[in-house]
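The structure under discussion appears below in the form of structure tokens.
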Amino acid sequence: MPGAQPTATHFQYRKLVRITAQLVFDTAWRIGSGREGTTLSDLGVMLDPTGAPILPGSSLKGKLRSTCETLSHALGVTACLLNVDASSVACVSDVQHYREVRDEYQDILRNQAVDARLAWIEEHTCDVCKLFGSPVMAGHLRVSDGALEDWASMVQVRDSVVIDRDSQTAVDGLKFDYDVVPADSRFELRLDLENPSDQDLALVGAALFEWHAGSSLGGFTSRGLGRFHLQDIRVHGVDLEDPIQRIKFLTHTEAHDRFTNWGDWEPFFAGYIQDIVHGD
Ligand SMILES: [Zn+2]
Numbered sequence: 001m002p003g004a005q006p007t008a009t010h011f012q013y014r015k016l017v018r019i020t021a022q023l024v025f026d027t028a029w030r031i032g033s034g035r036e037g038t039t040l041s042d043l044g045v046m047l048d049p050t051g052a053p054i055l056p057g058s059s060l061k062g063k064l065r066s067t068c069e070t071l072s073h074a075l076g077v078t079a080c081l082l083n084v085d086a087s088s089v090a091c092v093s094d095v096q097h098y099r100e101v102r103d104e105y106q107d108i109l110r111n112q113a114v115d116a117r118l119a120w121i122e123e124h125t126c127d128v129c130k131l132f133g134s135p136v137m138a139g140h141l142r143v144s145d146g147a148l149e150d151w152a153s154m155v156q157v158r159d160s161v162v163i164d165r166d167s168q169t170a171v172d173g174l175k176f177d178y179d180v181v182p183a184d185s186r187f188e189l190r191l192d193l194e195n196p197s198d199q200d201l202a203l204v205g206a207a208l209f210e211w212h213a214g215s216s217l218g219g220f221t222s223r224g225l226g227r228f229h230l231q232d233i234r235v236h237g238v239d240l241e242d243p244i245q246r247i248k249f250l251t252h253t254e255a256h257d258r259f260t261n262w263g264d265w266e267p268f269f270a271g272y273i274q275d276i277v278h279g280d
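If you're matching positions, the sequence shown starts at 1 in the working numbering and goes up one per residue.
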């Protein structure tokens with residue numbers, strides 16, 4: 001159908017979900033700056049111009065992605081791991097695989113209606129990439145930088161030795177030091193989902209349960225750094241099929257007034273998780 005018009009509804013808001021939580025580091029942690037530390041240690045941490053630690057949205061998103069990949073088997077969803085050979089899941093996010101099917105996709109893009117394009121993408125994208133995005137589709141998820149709420153107002157220095165990978169013993173004379181942000185720092189976390197599928201909500205929900213129980217983030221986690229947990233998880237959203245939520249969304253200016261509180265996060269996400277595990 002050359003020249004067919006896009007189906008505009010594919011690109012409109014139908015459902016928006018905002019998840020907020022407090023992310024608390026139970027141990028010291030570090031996200032490396034790639035430079036010498038402000039303490040003159042060998043390895044600095046990412047700090048803003050005022051010297052406060054930064055928890056980038058990209059780091060949080062990467063961690064969320066790896067958590068979803070870890071949980072994909074338990075949930076019964078597909079995850080390409082960005083590597084078709086390793087995962088045996090064909091997905092356009094794998095560069096090698098995309099090269100093989102790119103001509104086919106370009107042909108659909110040029111000659112067919114948007115519905116055919118979306119169907120092709122659906123078929124060639126793994127479930128995790130449907131949430132996080134791929135070279136041919138925007139993901140449904142946006143992860144904001146962590147908003148710092150509390151911290152010790154100083155970075156600390158740790159000494160370490162270089163460990164020989166084969167013998168697992170310290171290499172004589174090879175020492176280095178690195179900065180860490182002390183334990184008990186606290187950030188507000190915000191995840192926004194645009195038109196999430198039920199499966200997207202199940203994946204994010206399962207990751208929230210995992211993070212609530214405790215996980216780790218950043219560098220040197222094998223040395224015990226970066227342990228964190230979530231608390232105070234809240235789910236707000238707008239379902240534009242619901243006339244009351246729709247009016248509220250359209251007639252308010254502040255995000256917290258436009259969105260409706262969708263209640264306790266645990267039963268909310270447990271419902272979506274049960275549905276995909278039972279195959280409903
Ligand atoms: Zn994928």
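Positions of the beta carbon are idealized from the N, C-alpha and C atoms, including for glycine. What you are looking at is a predicted structure, and each value in this text was computed from that prediction instead of being measured.
Report task. Within its chain, find whatever has a CB closer than 6 Å to the CB of residue 245; leave out the 5 residues flanking it on each side and keep chain order. Result -> Along the sequence shown, read from residue 1 onward, the residue named residue 245 stands at position 245. Result list for residue 245: 238, 239, 260, in chain order.
Query raised in the report: Sorted by chain position, which residues of the same chain lie with C-beta nearer than 7 Å to residue 206's C-beta, five sequence neighbours on each side aside?
Result: The sequence position of residue 206 within the sequence shown is 206, counting from 1. Setting aside the 5 residues that flank it on each side, residue 206 is surrounded in the same chain by 71, 75, 273, each with a C-beta closer than 7 Å to its C-beta; the list follows chain order.
Query raised in the report: Hey, which unbroken runs of the alpha helix (DSSP H) at 4 residues or more fall wholly within the stretch 41 to 96?
Result: Runs of the alpha helix (DSSP H) lying entirely within the stretch 41 to 96, each at least 4 residues long, are 57 to 75, 84 to 87 in chain order.
Query raised in the report: Looking at C-alpha atoms only, which residue of 92, 183, 96 is the closest neighbour of residue 138?
Result: One-based indexing of the sequence shown puts residue 138 at position 138. Of all alpha-carbon atoms in 92, 183, 96, the one lying nearest the alpha-carbon of residue 138 is that of 92.
Query raised in the report: DSSP puts residue 236 in a beta bridge; with which residues?
Result: The residue you call residue 236 lines up with position 236 of the sequence shown. In DSSP, residue 236 forms a bridge with 18, 261.
Query raised in the report: Looking only at its own chain, which residues have a Cβ that is under 8 Å from the Cβ of residue 204, when we skip the five neighbours before and after it?
Result: Mapped onto the sequence shown, residue 204 falls at position 204. Closer than 8 Å at the Cβ level, and outside the excluded window around residue 204, lie 19, 64, 68, 131, 141, 191, 193, 196, 269.
Query raised in the report: From which residue to which residue does the beta strand (DSSP E) around residue 220 run?
Result: Walking along the sequence shown from the start, residue 220 turns up at place 220. DSSP places residue 220 in no beta strand (DSSP E); its state is neither H nor E.
Requested in this report: Give the DSSP-derived three-state secondary structure of residue 358 in the structure shown.
Outcome: In this structure the chain extends from 1 to 280, so residue 358 is not present and cannot be described.
Requested in this report: Please indicate yes or no: does the CB of residue 68 lie closer than 6 Å to some heavy atom of ligand 1?
Outcome: The residue you call residue 68 lines up with position 68 of the sequence shown. Distance from the C-beta of residue 68 to the nearest heavy atom of ligand 1 is not below 6 Å.
Query raised in the report: Does the beta-carbon distance from residue 128 to residue 202 come in below 7 Å?
Result: As a first step, residue 128 must be located in the sequence shown, where it is residue number 128. As a first step, residue 202 must be located in the sequence shown, where it is residue number 202. Not closer than 7 Å, so no.
Query raised in the report: Could you give the distance in angstroms between the alpha-carbon of residue 104 and the alpha-carbon of residue 90?
Result: Taking the sequence shown and counting its residues from 1, one reaches residue 104 at position 104. Taking the sequence shown and counting its residues from 1, one reaches residue 90 at position 90. C-alpha separation (whole angstroms): 15 Å.
Query raised in the report: Should residue 93 be counted as a contact of ligand 1 given a C-beta to heavy atom distance under 6 Å?
Result: Within the sequence shown, the letter at position 93 stands for residue 93. Indeed, a heavy atom of ligand 1 lies less than 6 Å from the Cβ.
**Report entry** Limits of the unbroken beta strand (DSSP E) element including residue 145
**Finding:** Here residue 145 corresponds to residue number 145 of the sequence shown, with the count starting at 1. Premise fails: residue 145 is in no beta strand (DSSP E) and is neither H nor E.
Requested in this report: Find out if the Cβ-Cβ distance for the pair residue 58, residue 179 is shorter than 7 Å.
Outcome: What you label residue 58 is simply residue 58 of the sequence shown in a count that begins at 1. What you label residue 179 is simply residue 179 of the sequence shown in a count that begins at 1. Their beta carbons are not under 7 Å apart, which means residue 58 does not touch residue 179 by this criterion.
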